[in-house]
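Reading the sequence shown from the start, the letters are residues 29 to 89 in the working numbering. In this text, a Cβ means the ideal position worked out from N, Cα and C, and glycines have one as well. Bear in mind that the values here come from a model prediction, so they are computed numbers and not experimental data.
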Amino acid sequence: MLKELDVENLSAEEIEILLSCGSDILSPSQVLEVQLFVQRIGGLANAYEAVRVLKNMEAAG
29 MLKELDVENL SAEEIEILLS CGSDILSPSQ VLEVQLFVQR IGGLANAYEA
79 VRVLKNMEAA G
């Protein structure tokens with residue numbers, strides 16, 4: 029298992045998985061990293077919107 033997630037550098041699909049079921053597959057420190065990412069981005073709704081935008085960007089190029 030990864031020690032650090034570096035959420036900002038993951039793919040949209042990976043971030044979406046972490047947002048959906050992260051606490052089931054991650055250590056407590058990794059869950060905290062995801063929670064801090066969600067806080068930085070302005071909440072869970074914004075995090076999912078960012079994933080949508082990132083998916084569009086990844087598909088475009």
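- At least 7 Å separates the beta-carbon of V66 from that of L46.
- For the options V81, A73, L82, I43, the alpha carbon positioned closest to that of V59 is the one of I43.
- Straight through space, the alpha carbons of S55 and V35 are spaced by roughly 14 Å.
- Sorting L38, S48, L33 by C-alpha distance to the C-alpha of A73 places S48 at the top.
- In summary, A87 is exposed, with fewer than 16 beta-carbon neighbours lying within 10 Å of its beta-carbon over all protein chains present.
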